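**Q**
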Amino acid sequence: MESYTIHDYDVLVIGAGGAGLRAAIAAIEQGAKVGVVTKSLLGKAHTVMAEGGMAAAMGNVRPEDNWKVHFRDTLKGGGMLNNWKMVENYTKEAPDRVRELEQWGAVFDRTPDGRINQRNFGGHSYPRLAHVGDRTGLELIRTLQDHAVKMGIHAHMETTIYRLLTDAGRVVGALGFNRQTGDFLVFRAKAVVLATGGLGRIYQVTSNSWECTGDGFSLASMVGADLIDMEFIQFHPTGMVWPPSVMGILVTEGVRGEGGVLKNSEGRRFMFDNVPERYKGEFAETEEEAERWLQGDRNARRPPELLTRDVVARAIRKEVNEGRGSPHGGVFLDIASRRPADYIKKKLPSMYHQFMKLGNLDITKEPMEVGPTCHYVMGGVRVDPDTQATNVPGLYAAGEVAGGLHGANRLGGNSLSDLVVFGRRAGLAAAEYAAKQTGSYQVDEAQVRAYIAEALQPFNNPQGENPFALMKELRATMQKNAGIMREESELKAQLEILANLKKRAWNTSVSGSRAYNPGWHTALDMRLMVEISEAVVLAALARKESRGGHARLDYPDPDPTFAKINHIIRRKSDGTLTVVAEPLPEMPEELRKIAEAKDLKELSDKVGA
Amino acid sequence: MSTVTFRIFRGDRNGGELKDYTIEVQEGMVVLDAIHQIQAEQAPDLACRWNCKAGKCGSCGAEVNGKPTLMCMTRLDTIDTSKPVTVRPMKTFPVIRDLATDVKWNYEANKKIKPFTPAPNTDWIMFQEDVDRVQEFRKCIECFLCQNVCHVLREHDEKTGFIGPRLLVRTASLEMHPLDVENRLDMLKNEGGIGYCNITKCCTEVCPEHIHITDNAIIPLKERVVDEYYDPILGFFRRLFGSKKQAQTPSSGQAADD
Ligand SMILES: Cc1cc2nc3c(=O)[nH]c(=O)nc-3n(C[C@H](O)[C@H](O)[C@H](O)COP(=O)(O)OP(=O)(O)OC[C@H]3O[C@@H](n4cnc5c(N)ncnc54)[C@H](O)[C@@H]3O)c2cc1C
Ligand code: SF4
Ligand code: SF4
Ligand code: FES
Numbered sequence: 001m002e003s004y005t006i007h008d009y010d011v012l013v014i015g016a017g018g019a020g021l022r023a024a025i026a027a028i029e030q031g032a033k034v035g036v037v038t039k040s041l042l043g044k045a046h047t048v049m050a051e052g053g054m055a056a057a058m059g060n061v062r063p064e065d066n067w068k069v070h071f072r073d074t075l076k077g078g079g080m081l082n083n084w085k086m087v088e089n090y091t092k093e094a095p096d097r098v099r100e101l102e103q104w105g106a107v108f109d110r111t112p113d114g115r116i117n118q119r120n121f122g123g124h125s126y127p128r129l130a131h132v133g134d135r136t137g138l139e140l141i142r143t144l145q146d147h148a149v150k151m152g153i154h155a156h157m158e159t160t161i162y163r164l165l166t167d168a169g170r171v172v173g174a175l176g177f178n179r180q181t182g183d184f185l186v187f188r189a190k191a192v193v194l195a196t197g198g199l200g201r202i203y204q205v206t207s208n209s210w211e212c213t214g215d216g217f218s219l220a221s222m223v224g225a226d227l228i229d230m231e232f233i234q235f236h237p238t239g240m241v242w243p244p245s246v247m248g249i250l251v252t253e254g255v256r257g258e259g260g261v262l263k264n265s266e267g268r269r270f271m272f273d274n275v276p277e278r279y280k281g282e283f284a285e286t287e288e289e290a291e292r293w294l295q296g297d298r299n300a301r302r303p304p305e306l307l308t309r310d311v312v313a314r315a316i317r318k319e320v321n322e323g324r325g326s327p328h329g330g331v332f333l334d335i336a337s338r339r340p341a342d343y344i345k346k347k348l349p350s351m352y353h354q355f356m357k358l359g360n361l362d363i364t365k366e367p368m369e370v371g372p373t374c375h376y377v378m379g380g381v382r383v384d385p386d387t388q389a390t391n392v393p394g395l396y397a398a399g400e401v402a403g404g405l406h407g408a409n410r411l412g413g414n415s416l417s418d419l420v421v422f423g424r425r426a427g428l429a430a431a432e433y434a435a436k437q438t439g440s441y442q443v444d445e446a447q448v449r450a451y452i453a454e455a456l457q458p459f460n461n462p463q464g465e466n467p468f469a470l471m472k473e474l475r476a477t478m479q480k481n482a483g484i485m486r487e488e489s490e491l492k493a494q495l496e497i498l499a500n501l502k503k504r505a506w507n508t509s510v511s512g513s514r515a516y517n518p519g520w521h522t523a524l525d526m527r528l529m530v531e532i533s534e535a536v537v538l539a540a541l542a543r544k545e546s547r548g549g550h551a552r553l554d555y556p557d558p559d560p561t562f563a564k565i566n567h568i569i570r571r572k573s574d575g576t577l578t579v580v581a582e583p584l585p586e587m588p589e590e591l592r593k594i595a596e597a598k599d600l601k602e603l604s605d606k607v608g609a
Numbered sequence: 001m002s003t004v005t006f007r008i009f010r011g012d013r014n015g016g017e018l019k020d021y022t023i024e025v026q027e028g029m030v031v032l033d034a035i036h037q038i039q040a041e042q043a044p045d046l047a048c049r050w051n052c053k054a055g056k057c058g059s060c061g062a063e064v065n066g067k068p069t070l071m072c073m074t075r076l077d078t079i080d081t082s083k084p085v086t087v088r089p090m091k092t093f094p095v096i097r098d099l100a101t102d103v104k105w106n107y108e109a110n111k112k113i114k115p116f117t118p119a120p121n122t123d124w125i126m127f128q129e130d131v132d133r134v135q136e137f138r139k140c141i142e143c144f145l146c147q148n149v150c151h152v153l154r155e156h157d158e159k160t161g162f163i164g165p166r167l168l169v170r171t172a173s174l175e176m177h178p179l180d181v182e183n184r185l186d187m188l189k190n191e192g193g194i195g196y197c198n199i200t201k202c203c204t205e206v207c208p209e210h211i212h213i214t215d216n217a218i219i220p221l222k223e224r225v226v227d228e229y230y231d232p233i234l235g236f237f238r239r240l241f242g243s244k245k246q247a248q249t250p251s252s253g254q255a256a257d258d
């Protein structure tokens, strides 16, 4: 019989990105024995790729900025579908979490008077993103990694969790395997924090790293946790489009934050023509005004290139569809004619390198070609806004895998600070819960054995399919039928395709040994990917309107009946998924006033400072 | 489109051999794309590490035609593809399988470095010109290519007495942080083994982040070690006036006193 090793922890954290590492630190500080599991090596999680910065209303560059303005911007960007309590917690705490990183050794870019510098980003009223050139994610993950090592974390690197384990409705651990050896591990834990990141790799064109296969959503859903708003997928407006092998790699919004402009093949700055009603009056109306803003004139309004991502992505798609795209099916992003070469190299060094190395293009001399790429998922595991607890006892979620903070569309920079604010809250709450679990809890050995047999099945299935081909099919069909523009007939067709892929995902064949076998890894990832794809498609079918990251060709406008509805994706007792429309929690009067404030000055504590 | 043959190491700790795989390549492809294509079509169990495919995570280091490099940043049109392209794992670390090596040692050696220790009561004011040099070191993506080429580790396998260029860079990022007050000179001289480095600059040559490992990190650290241990007068003054940084950067010295 297949053997496995057992590890006991108070808190098991699945994921070593920003959210997982911050949760681990918080739980260790509470005195819990903490284990961290990650599919990659430590420090390599997807968070390492984040570029532009982390949003926090510190007011270092514009003293008028404060949590209220950040609160309003975040709700406005999210189409008011955000969980207001989460947004309140988040905007109030983010500055402290950024300062804490500095105290743990992070070295942010500085203002002239020596404080943490902040840059502009889409949807943020003021320069708000603490940043380190365009490698902010690296700084964040390395700082947390170093601090966690100092605190003495137990890390299980290159280990994949295949299933959560339950006992009497509670989560009591997880089953995984070491990728290097293929050996199985059972983690017994009093509480589990999911910090597994996003799902971008269910799409063909994505900025996401290989780990973003949506495992956490599926693992949670399979033990009965609710998911929320899975239809809201963010397509970042600017991914590389050429050459084909780099398609989807991100071009940071920092390029536009530093003054980069978008142009179509006729040389027109088309974003002036694409300001939606709800943002009218807040953006520059002429190139001349936008230019003054760039020169630092505080009376000028921001250029429309800094509208929210959903707006910019759709405007780009429109230019391309109407025949005004660039040679390779994108549009032009030009910083070369806007800033001196030295400035670009200093502020956007990795973009400079990325285009030079991969695209053979000097961005200080020529415009880039860019187009939308799948980037982020706003929806996720449904959590309590204070503790990050799911509806399954013992299970917590934080970071991109958790839903609720971003509503229908996330503002750039609002993820990295989300990771540290809610990673910390999840770690604290999980450790507190674990400390209260005094009774005995059991890991069901039969359950473990069954999962192990299931996981090894592709090795004993010579007639099965090639998992890589299957994964390719999934990604191509999701891209086509459930991508940036959606339509009922295609979504329904995709449900059928998924039903078929789901069966086939259980009939793959892999060869070779169990040690570091990518074919096997892909076969198992695929099983979780089809589950989460189904949740996305079901939620997208249910929302018959266009809002935020969700665009329906057959319902092109926002519909007031959906304006106050979250979609809960729930697993029924027969194992199938269902979508339940649920009214948003009512916002207290004082927060509503902030969210709906017409004039930013009303919200500024320190006007004129 | 053209046809290219890749000669890839297949094997594990106990040895292995080079195997040929021929594929059709397209414009703009990098070596990692080729490996993925081979995985998907011919060798599903071909092991390699990668995360970002954008030169940001440092996972995909290997030796392409003998040159240590990130596979995701090596375009096929920058190498000679008229002959078979050889792809081998990094030599300094034990092979797990195929192109994936066991780099655990780096994580262990890292623990010898005392963590960031800020000055008490600092107000966290730092100026860009003071953090510029630290930021250079913090660009490191831990690809370990510098560790792979350093002859102290590669030829002499000196992994107990030497921490290698990557970890010297990390030490420099802490030692030169304007607000850090820890002293790591003793570690550098002893367990760190900075004396092993004879400044051949091989590490600097391969660094994909273009960190001036030797000139900006190692040589200044060597000078500090020399000042501390071999120049009694300087060493005396340093002990008299406390931490190394307070003597060097007045701005942070003031901050620490507030
Ligand atoms: C190119 C790019 C640039 C970005 N730039 C910014 C930016 O400038 N600002 C911003 O705010 N946001 C940015 N984002 C978004 C942000 O980076 C992510 O949302 C965030 O890093 C997610 O962090 P996380 O901790 O939730 O998960 P991740 O960093 O994705 O980590 C997930 C972890 O879970 C592990 N894991 C997953 N499944 C399993 C499993 N089954 N078993 C074991 N372990 C598992 C993984 O191995 C990994 O360790 C960017 C994203 C991209 C792609
Ligand atoms: S310069 Fe020093 S650290 Fe770098 S490769 Fe040479 S000996 Fe090794
Ligand atoms: S210093 Fe350069 S070569 Fe060495 S690990 Fe860091 S990035 Fe890689
Ligand atoms: S895959 Fe990340 S550096 Fe190559």
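Going line by line, the protein sequences match chains G and L.
Mapping of the first sequence onto my numbering: position 556 corresponds to residue 556, and the numbering continues sequentially without gaps.
Mapping of the second sequence onto my numbering: position 73 corresponds to residue 73, and the numbering continues sequentially without gaps.
C-beta: ideal position from N, C-alpha, C; glycine also.
What you are looking at is a predicted structure, and each value in this text was computed from that prediction instead of being measured.
State the Cα-Cα distance for the pair glutamine 494/G and leucine 219/G, rounded to the nearest angstrom.
**A** Each residue's Cα considered, the two are about 22 Å apart.
**Q** What residue does the alpha helix (DSSP H) around alanine 50/G start on, and which one ends it?
**A** Unbroken run through alanine 50/G: none, as it is neither H nor E.
**Q** Where do the N-terminal and C-terminal ends of the alpha helix (DSSP H) with glutamine 494/G fall, by residue?
**A** 488 to 505 is the span of the alpha helix (DSSP H), which, as asked, contains glutamine 494/G.
**Q** Is histidine 124/G helix, strand or coil when you go by DSSP?
**A** In the structure shown, histidine 124/G sits in coil (DSSP, three-state: anything other than H, G, I, E or B).
**Q** Name, going along the chain, the residues of the segment 193 to 210 of chain G whose beta-carbon falls closer than 7 Å to a beta-carbon of chain L.
**A** Going along the segment 193 to 210 of chain G in chain order, one finds Ser209 and Trp210 with a Cβ nearer than 7 Å to chain L.
**Q** State the Cα-Cα distance for the pair cysteine 207/L and glutamine 463/G, rounded to the nearest angstrom.
**A** Each residue's alpha carbon lies about 45 Å from the other.
**Q** Closer than 9 Å, CB to CB, is histidine 353/G near chain L or not?
**A** Yes, because at least one Cβ of chain L sits closer than 9 Å to the Cβ of histidine 353/G.
**Q** Flag this pair as yes or no: are the beta carbons of glycine 59/G and leucine 416/G separated by less than 9 Å?
**A** No, the Cβ-Cβ distance between glycine 59/G and leucine 416/G is not below 9 Å.
**Q** Quickly, what does DSSP pair tyrosine 555/G with across the bridge? List them, please.
**A** Tyrosine 555/G pairs with Arg552/G.
**Q** Hey, how far is the Cα of glutamate 445/G from the Cα of cysteine 48/L?
**A** So the two alpha carbons sit approximately 33 Å from each other.
**Q** Are the beta-carbon atoms of arginine 475/G and isoleucine 25/G separated by less than 9 Å?
**A** No, the Cβ-Cβ distance between arginine 475/G and isoleucine 25/G is not below 9 Å.
**Q** Following a CB-centred definition, is glycine 259/L positioned closer than 8 Å to any heavy atom of ligand 4?
**A** An answer regarding residue 259/L cannot be provided, because it is not within the stretch 1 to 258 covered by chain L.
**Q** Reducing DSSP to helix, strand and coil, say where asparagine 481/G ends up.
**A** Asparagine 481/G: helix per DSSP, three-state reduction.
**Q** Is the separation between the beta-carbon of cysteine 212/G and that of glycine 224/G shorter than 9 Å?
**A** Contact flag unset, no.
**Q** Would proline 62/L pass as a contact of proline 89/L if the rule is Cβ separation under 9 Å?
**A** Per the sequence shown, the amino acid found at residue 62/L is alanine instead of proline. Yes.
**Q** Looking only at C-alpha atoms, which of Asp146/G, Phe355/G and Tyr162/G sits nearest to isoleucine 249/G?
**A** Measuring from the Cα of isoleucine 249/G, the nearest candidate turns out to be Phe355/G.
**Q** Measuring straight from C-alpha to C-alpha, what distance separates glutamine 145/G and threonine 196/G?
**A** If you take the alpha carbons of glutamine 145/G and threonine 196/G, they lie about 16 Å apart.
**Q** What number of angstroms, rounded off, separates the C-alpha of glutamate 288/G from the C-alpha of glycine 329/G?
**A** For glutamate 288/G and glycine 329/G, the distance between alpha carbons rounds to 29 Å.
**Q** In terms of alpha-carbon separation, which member of Ile116/G, Val107/G and Leu175/G lies closest to arginine 95/G?
**A** Note on residue identity: the sequence assigns proline, not arginine, to residue 95/G. Closest by alpha carbon: Ile116/G.
**Q** Considering only heavy atoms of ligand 3, does any lie closer than 8 Å to the CB of leucine 145/L?
**A** Because some heavy atom of ligand 3 lies under 8 Å away, the Cβ of leucine 145/L counts as near it: yes.
**Q** Just the Cα atoms here: how many angstroms apart are lysine 76/G and glycine 122/G?
**A** Near 12 Å, if we compare the C-alpha coordinates of glycine 122/G and lysine 76/G.
**Q** What I want to know is whether the C-beta of valine 37/G ends up closer than 8 Å to one or more non-hydrogen atoms of ligand 6.
**A** By its list of ligands, the structure shown excludes ligand 6, since it contains just ligand 1, ligand 2, ligand 3 and ligand 4.
**Q** From what residue to what residue does the beta strand (DSSP E) around glycine 176/G run?
**A** Unbroken beta strand (DSSP E) run through glycine 176/G: 170 to 178.
**Q** Grab me the residues of aspartate 310/G's own chain with a C-beta within less than 7 Å of its C-beta, minus the 5 sequence neighbours each way, in chain order.
**A** The answer, listed in chain order, is Asn409, Gly548 and Gly549.
**Q** Tell me the start and end of each unbroken alpha helix (DSSP H) in the segment 197 to 239 of chain L that is at least 4 residues and wholly inside, in chain order.
**A** As far as the segment 197 to 239 of chain L is concerned, its whole alpha helix (DSSP H) runs of at least 4 residues are 202 to 206 and 219 to 230.
**Q** Comparing the CB of valine 171/G with every heavy atom of ligand 3, is any distance shorter than 8 Å?
**A** Flag unset: Cβ of valine 171/G not near ligand 3.
**Q** Assign aspartate 80/L to buried or exposed, taking buried as 16 or more other Cβ atoms, counted over all protein chains shown, within 10 Å of its Cβ.
**A** Exposed: under 16 other Cβ atoms inside 10 Å.
**Q** Work out the CA separation of isoleucine 6/G and asparagine 461/G for me, nearest whole Å.
**A** Taking the straight line from one Cα to the other gives about 28 Å.
**Q** DSSP beta-bridge partners for proline 262/L?
**A** The structure shown does not extend to residue 262/L, since chain L is modelled only from 1 to 258, so the question has no answer here.
**Q** In this structure, how does DSSP classify glycine 35/G when only helix, strand and coil are distinguished?
**A** In this structure, glycine 35/G counts as strand in the three-state DSSP scheme.
**Q** Compare the C-beta of serine 415/G against all C-beta atoms of chain L and say whether one is closer than 9 Å.
**A** Not one chain L Cβ lies under 9 Å of serine 415/G.
**Q** Closer than 8 Å: is that where the CB of methionine 157/G sits relative to any heavy atom of ligand 4?
**A** No, the beta carbon of methionine 157/G sits no closer than 8 Å to any heavy atom of ligand 4.
**Q** For chain L, check one thing: does any of its Cβ atoms lie closer than 9 Å to the Cβ of valine 37/G?
**A** So no, valine 37/G is outside the interface.
**Q** Near threonine 159/G, what residues of its chain come up, given a Cβ to Cβ distance below 8 Å and the 5 sequence neighbours on each side ignored?
**A** Here the set comprises Val37, Thr38, Lys39, Gly176, Phe177, Asn178, Arg179 and Leu185.
**Q** Just to check my reading of the structure: threonine 522/G and glutamate 465/G have Cβ atoms closer than 8 Å, yes? What is that Cβ distance to the nearest angstrom?
**A** Threonine 522/G to glutamate 465/G, Cβ: 11 Å. No contact.
**Q** I'd like to know whether the C-beta of glutamate 223/L is nearer than 9 Å to at least one C-beta of chain G.
**A** Not one chain G Cβ lies under 9 Å of glutamate 223/L.
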